[in-house]
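Read in the numbering used here, the sequence shown has 17 at position 24, and its numbers run on one by one without any break. Comments concern the structure below.
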Amino acid sequence: MGLWQLLRKLDTARQVAEQSWNRLHDAVGSLSEAFALFDSNEQLVLHNKKFEKFYPWLSDRLQKGVSLKELLRRIPIAFERSTLDGEKIENEMPLELYLERPDSHRWYLASNNLTTEGGLVCVRTDITESKRAELELRKLSRALEQSPASVVITDTNGIIEYVNPKFERISGYRASEAIGQNPRIMKSS
């Protein structure tokens, strides 16, 4: 009788563990980011389909249990802020890199963080739209800076938030003097 109860408890524990694993797998699968979890032995434990799409050349290896070093060694991506080499990634956690995939004209935030067990969580987030907006803002900012016209930008209360270099030359006020003031300061000079 005691053996039967023990077996029943073990079976219940197995079912609970299996249900928890399925929930975790479903949660990871529903992420909008590419996600992968590696254990402390650098073996892939869990990943989602977006991770496979992010690294399509690894799809068959992912099923066989690719190691983290193999993954990092074979990534054919040019990084904006850093080079990718196993030593650097292992020695600088957490690591966040902005990367451009020339094959798809998309930008990603690559985030790698150590787990408490010494494993690694890799997340790849598509930031293409925000990167494009940033580039567009940079372009507009250069246009304002180089404009032949004097430009003053105020908030809804009429307080100066920005002046371009042409304003400084025409008015004689430095940007640091004008920002935070009301445009009426121009009448006093």
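Don't be surprised by glycine CBs; every beta carbon is placed ideally from N, CA and C.
Opening and closing residue of the alpha helix (DSSP H) in which residue i lies
{"i": "GLU138", "result": "121 to 139"}
{"i": "LEU3", "result": "-5 to 22"}
{"i": "ILE163", "result": "158 to 164"}
{"i": "LYS180", "result": "Note, LYS180: premise wrong, no alpha helix (DSSP H); not H, not E."}
{"i": "ALA142", "result": "It is not in any alpha helix (DSSP H) - ALA142 carries neither H nor E in the DSSP assignment."}
Presumed contact (8 Å Cβ cut-off) between residue i and residue j, rounded CB distance
{"i": "PHE31", "j": "LEU128", "result": "Not quite, the Cβ-Cβ distance comes to about 33 Å (not below 8 Å), so this is no contact."}
{"i": "ALA126", "j": "ILE153", "result": "Contact flag wrong, Cβ pair sits at about 25 Å."}
{"i": "ASN157", "j": "LEU137", "result": "5 Å"}
{"i": "ARG117", "j": "GLU26", "result": "6 Å"}
Same chain, Cβ closer than 8 Å to residue i, five either side skipped, listed in chain order
{"i": "LYS159", "result": "SER140, PRO141, ALA142, SER143 and VAL144"}
{"i": "HIS18", "result": "LEU39"}
{"i": "THR76", "result": "With a pLDDT of 39 at THR76, under the threshold of 50, the modelled position of that residue is not reliable, and the figure given next carries that caveat. Within the same chain, THR76 has no close Cβ partners at all."}
Own chain partners of residue i with C-beta closer than 7 Å, once the 5 adjacent residues on each side are dropped
{"i": "GLU83", "result": "Annotation note: pLDDT 42 at GLU83 (below 50); position unreliable, coordinate value reported separately. Here the set comprises nothing."}
{"i": "ALA168", "result": "VAL156 and GLU161"}
Residue i versus residue j - alpha carbon distance
{"i": "THR108", "j": "ASP119", "result": "23 Å"}
{"i": "PHE47", "j": "PHE28", "result": "10 Å"}
{"i": "LYS43", "j": "GLY22", "result": "8 Å"}
{"i": "ILE146", "j": "GLY165", "result": "17 Å"}
{"i": "MET(-6)", "j": "ALA20", "result": "39 Å"}
{"i": "MET179", "j": "LEU133", "result": "25 Å"}
{"i": "LEU102", "j": "LYS124", "result": "10 Å"}
{"i": "GLN12", "j": "THR149", "result": "55 Å"}
Beta-carbon proximity list for residue i, same chain, < 6 Å, skipping 5 on both sides
{"i": "GLY151", "result": "ASN175"}
{"i": "THR183", "result": "The shown model of the chain, from -6 to 182, leaves out residue 183, and the question about it has no answer."}
Start and end residues, beta strand (DSSP E) containing residue i
{"i": "SER104", "result": "99 to 107"}
{"i": "LEU30", "result": "27 to 31"}
{"i": "VAL145", "result": "145 to 147"}
Review point. Can you find at least 3 beta carbon pairs, one from the segment 99 to 114 and one from the segment 30 to 46, that sit closer than 8 Å?
Key: The segment 99 to 114 is in contact with the segment 30 to 46.
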